[in-house]
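When we follow UniProt numbering, the leftmost residue of the sequence shown carries the number 1, and every step to the right adds one.
Using N, Cα and C, we set each Cβ at its ideal position, and we do this for glycine too.
These notes are about the structure you will find just below.
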Amino acid sequence: MSSSEIEIVSDSNDQKNSGRNPSEVPIIDVYSASAYGDFEKLRKFVEEDGLSLSQPDGSGHYALQWAALNNFADIVQYIIEHGGEVNATNNAGQTALHWAAVRGSMAAADVLLQNGARVEAVDINGYRAVHVAAQYGQTAFLNHIVAKYHADFDVPDNDRRSPLH
1 MSSSEIEIVS DSNDQKNSGR NPSEVPIIDV YSASAYGDFE KLRKFVEEDG
51 LSLSQPDGSG HYALQWAALN NFADIVQYII EHGGEVNATN NAGQTALHWA
101 AVRGSMAAAD VLLQNGARVE AVDINGYRAV HVAAQYGQTA FLNHIVAKYH
151 ADFDVPDNDR RSPLH
């Protein structure tokens, strides 16, 4: 996925995985609150400040994608309940389910899929969540969405490669 925005987003979010305390991260908007799991600040931004969860950030990414990437299932549910579109796509055509696949975020994926996420959603490269999970070595996630949600594990991408190759 050298051209994938998920790879770039994943790298830019590594500070979360570097042992940095989320309380040290400045939570300034719905995107950072979603990315770092600050449910109370997210609730304040939405319910008190009236901020939208259905608009992308300046890079075209959605709060739902950030929450899914980091497996904050409760925040994923909250965003969906407060106007977040479960199948919204960023500039690369990626959904929150694509982002959940990067880190094997099964709890977030379950919430997404139970709320109407399309398991076969395709990005601009023809990648589905199964392709992303395979590329990032998320075999448990891959097995989960194949077994529970009947994701097609042998479907080709735009270059005619299946997740198995």
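With 16 other Cβ atoms within 10 Å as the buried cut-off, status of residue i
i    : result
H165 : exposed
N91  : exposed
R160 : exposed
S54  : exposed
S105 : buried
Q65  : buried
L84  : A small fix is needed here, since residue 84 is Gly in this sequence, not Leu. Counting Cβ neighbours within 10 Å, G84 comes out buried, since at least 16 surround it.
A96  : buried
S52  : exposed
Residue i - DSSP class collapsed to helix/strand/coil
i    : result
L64  : helix
F153 : coil
F45  : helix
T139 : helix
V122 : coil
F72  : coil
V111 : helix
S105 : coil
L53  : coil
E36  : This sequence places Tyr at residue 36; Glu is not what is there. Here Y36 sits in coil by DSSP.
Close-in-space but distant-in-sequence residues of the same chain around residue i (CB under 7 Å, 5 per side omitted)
i    : result
K131 : Residue 131 is actually His in this sequence, not Lys. Correct list, in chain order: D157 and P163.
Same chain, Cβ closer than 6 Å to residue i, five either side skipped, listed in chain order
i    : result
V111 : A73, V76 and Q77
G93  : D123 and I124
Y31  : D57, A63 and W66
G126 : D157 and N158
E5   : Here the model assigns E5 a pLDDT of 48, short of 50, so the residue's position is not dependable, and the following value carries that caveat. Correct list, in chain order: A92.
Cβ-based neighbour list, residue i, same chain, cut-off 8 Å, excluding 5 preceding and 5 following
i    : result
R103 : S10, L69, N70, N71, Y136 and Q138
A140 : G104 and M106
P26  : S32
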